[in-house]
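Protein chains in written order, with this note's numbering: chain A, 1 to 365; chain W, 366 to 449. Worksheet: one structure, shown below.
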Amino acid sequence: TVPKSSAWQKNDITYKIVNFTPDMPRADVESSIKRAFKVWSDVTPLTFTRVYQGDCDIEIQFVTGDHKDNSPFDGPNGVLAHAFQPGPNIGGDTHFDDDETFTKNSQQYNLFLVAAHEFGHALGLHHSTDEGALMYPNYPNTDPDSFRLPQDDINGIQSLYGKSSNPIQPTGPSTPTKCDPNIAFDAVMTLRGELFFFVNRFVLRINPRGGESDLIFIQTLWPSVPSDIDAAYENPLTGENLVFKGNKYWNLDGFDVSQGPRSLTKLGFPKNVKKIDAAVHVENLGKTYFFVKNKYYSYDEDKQAMDEGFPKFIAKGFPGMTPDIDAVFYYRGLLYFFQDSVQYEYNMDSKRIQQVLRSNSWMGC
Amino acid sequence: FPAASQEDLESKYAKMAQKYLERFYDLKTTGRPVGRNKNNNPFVKKLEEMQEFFGLEVTGKLDEKTVEMMEKPRCGVQDIGEYN
Numbered sequence: 001t002v003p004k005s006s007a008w009q010k011n012d013i014t015y016k017i018v019n020f021t022p023d024m025p026r027a028d029v030e031s032s033i034k035r036a037f038k039v040w041s042d043v044t045p046l047t048f049t050r051v052y053q054g055d056c057d058i059e060i061q062f063v064t065g066d067h068k069d070n071s072p073f074d075g076p077n078g079v080l081a082h083a084f085q086p087g088p089n090i091g092g093d094t095h096f097d098d099d100e101t102f103t104k105n106s107q108q109y110n111l112f113l114v115a116a117h118e119f120g121h122a123l124g125l126h127h128s129t130d131e132g133a134l135m136y137p138n139y140p141n142t143d144p145d146s147f148r149l150p151q152d153d154i155n156g157i158q159s160l161y162g163k164s165s166n167p168i169q170p171t172g173p174s175t176p177t178k179c180d181p182n183i184a185f186d187a188v189m190t191l192r193g194e195l196f197f198f199v200n201r202f203v204l205r206i207n208p209r210g211g212e213s214d215l216i217f218i219q220t221l222w223p224s225v226p227s228d229i230d231a232a233y234e235n236p237l238t239g240e241n242l243v244f245k246g247n248k249y250w251n252l253d254g255f256d257v258s259q260g261p262r263s264l265t266k267l268g269f270p271k272n273v274k275k276i277d278a279a280v281h282v283e284n285l286g287k288t289y290f291f292v293k294n295k296y297y298s299y300d301e302d303k304q305a306m307d308e309g310f311p312k313f314i315a316k317g318f319p320g321m322t323p324d325i326d327a328v329f330y331y332r333g334l335l336y337f338f339q340d341s342v343q344y345e346y347n348m349d350s351k352r353i354q355q356v357l358r359s360n361s362w363m364g365c
Numbered sequence: 366f367p368a369a370s371q372e373d374l375e376s377k378y379a380k381m382a383q384k385y386l387e388r389f390y391d392l393k394t395t396g397r398p399v400g401r402n403k404n405n406n407p408f409v410k411k412l413e414e415m416q417e418f419f420g421l422e423v424t425g426k427l428d429e430k431t432v433e434m435m436e437k438p439r440c441g442v443q444d445i446g447e448y449n
């Protein structure tokens, strides 16, 4: 952050929208800007009031190329916007490069996400090194509708302006670190020889043979797939991956979303199954197992139908395993179950747990 | 097919990287120190600073991942450090 003495020395900030982008209806620009300010006012005592003429603290403009502030824009892509730190005159002012296409949806570039970041600067925040933070310098491919201000940004802004007067203090999501021994995964799947570990908004992409891992926003790879997914598996017979959230699932063809969302009932689940905990395809059996609380279902990929006699108790089909499985994947003849920060290497032939590991044993920590 | 050499990558993206570091890492284009020691090269120093910030491998060289990161759309808040 800037030094506290360089932040706004008042809590009531005014802003003015000087002009509009032709990319969006005016009302959508206004609502995106309003929502971007709310991101910051929700976690601090700051208030933002729009003025229509005269002086204001934060002047908002859509401009192109050289716009006479010694920081010319560069045409489409590249730099999307910039803002000045708090202060009089140009201080706090926020400029959007109108050579970009701004949107209200998840197409690039969502105006709300860009504006929320820039207003962080206009309030005195620098860039963050936290990849999941709003103040990370690169545009995030993340679902704007489910946006929550990350904790890193909350800590930054509250260090300048203090906490919200709300009796329930807001908290935000933290960015997972692969070597955190307490990391718990939402789902794990293989994809064409690589491993994908889903954790809240992110996926950790790892080659099991070693090498670097990447932390990526889920929507960077699959724009229409939501965050916080429940389960995922790869079916090498069809070459497709399926990811699940709630009573819906999406079909992935590599890095394309080929179909979805579709209802769980399409797979033959009874209507009372509202979500599944984990899913895995076992290659040599041609079966996919779905884990729901203390039971599991078996799906025959050849017949494309649920096997009869299911669901069965997990404790019966997988002795040693307990209910509420977070994630599971199949690798080289073995199953790897995840529960909280613990991983169980399971041998289906001997029906025994062979090894108990940390959930992040694949991360090379 | 011959593999593209590191040198090709560096010469291909040198200009882009120079502009990027000038804009976001305050790389000065004048007053370059004399000498061949890489530690004296402000371009390398700024490149290392950028690589460290983004959690990339700090090589001081324009490798593929660094170029990829530089090409990502981003915020251009270069004035925040200088404006008063």
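Positions of the beta carbon are idealized from the N, C-alpha and C atoms, including for glycine.
Counted within 10 angstroms of its Cβ, other Cβ atoms place residue i as buried (16 or more) or exposed
i	result
residue 385 of chain A	Not covered by the structure: residue 385 of chain A. The range shown for chain A is 1 to 365.
residue 92 of chain A	buried
residue 245 of chain A	buried
residue 241 of chain A	buried
residue 236 of chain A	exposed
residue 32 of chain A	buried
residue 146 of chain A	exposed
residue 355 of chain A	exposed
residue 313 of chain A	exposed
residue 342 of chain A	exposed
residue 143 of chain A	buried
residue 285 of chain A	exposed
Proximity of residue i and residue j at Cβ, strictly below 9 Å
i	j	result
residue 187 of chain A	residue 232 of chain A	yes
residue 323 of chain A	residue 294 of chain A	yes
residue 419 of chain W	residue 175 of chain A	no
residue 112 of chain A	residue 21 of chain A	no
residue 387 of chain A	residue 120 of chain A	Beyond the ends of chain A as shown, which are 1 and 365, falls residue 387 of chain A; an answer cannot be given.
residue 199 of chain A	residue 222 of chain A	no
residue 115 of chain A	residue 149 of chain A	no
residue 410 of chain W	residue 421 of chain W	no
residue 238 of chain A	residue 301 of chain A	yes
residue 372 of chain A	residue 252 of chain A	This structure cannot settle anything about residue 372 of chain A, because the visible part of chain A is limited to 1 through 365.
Reference residue i, options the options, closest by Cα
i	options	result
residue 262 of chain A	A/249, A/71, A/278, A/253	A/249
residue 66 of chain A	A/38, A/99, A/49	A/99
residue 376 of chain W	W/427, W/410, W/436	W/427
residue 11 of chain A	A/44, A/25, A/33, A/29	A/44
residue 208 of chain A	A/362, A/5, A/16	A/362
residue 305 of chain A	A/81, A/52, A/264, A/170	A/264
residue 161 of chain A	A/333, A/346, A/9, A/318	A/9
residue 51 of chain A	A/283, A/286, A/190, A/17	A/17
residue 445 of chain A	A/252, A/109, A/86, A/165	The question about residue 445 of chain A has no answer here: the residues shown for chain A are numbered 1 through 365.
residue 126 of chain A	A/281, A/7, A/336, A/227	A/7
Straight-line gap, residue i to residue j (C-alpha atoms, nearest Å)
i	j	result
residue 331 of chain A	residue 255 of chain A	21 Å
residue 291 of chain A	residue 217 of chain A	25 Å
residue 14 of chain A	residue 73 of chain A	25 Å
residue 90 of chain A	residue 35 of chain A	23 Å
residue 49 of chain A	residue 122 of chain A	15 Å
residue 416 of chain A	residue 141 of chain A	In the structure displayed, chain A extends from 1 to 365; residue 416 of chain A sits before or after that span and is not available.
residue 316 of chain A	residue 351 of chain A	10 Å
residue 25 of chain A	residue 60 of chain A	16 Å
residue 340 of chain A	residue 359 of chain A	8 Å
residue 55 of chain A	residue 390 of chain W	32 Å
residue 319 of chain A	residue 348 of chain A	10 Å
residue 171 of chain A	residue 76 of chain A	35 Å
residue 277 of chain A	residue 234 of chain A	16 Å
residue 205 of chain A	residue 151 of chain A	23 Å
residue 385 of chain W	residue 105 of chain A	29 Å
residue 214 of chain A	residue 260 of chain A	26 Å
residue 273 of chain A	residue 328 of chain A	19 Å
residue 392 of chain W	residue 413 of chain W	12 Å
residue 299 of chain A	residue 154 of chain A	45 Å
CB-CB length for residue i against residue j, believed under 8 Å
i	j	result
residue 311 of chain A	residue 297 of chain A	5 Å
residue 185 of chain A	residue 326 of chain A	6 Å
residue 79 of chain A	residue 441 of chain W	3 Å
Residue-chain proximity (residue i, chain C), Cβ-Cβ < 9 Å
i	result
residue 198 of chain A	Looking at the structure shown, chain C is missing, and the protein chains on hand are A and W.
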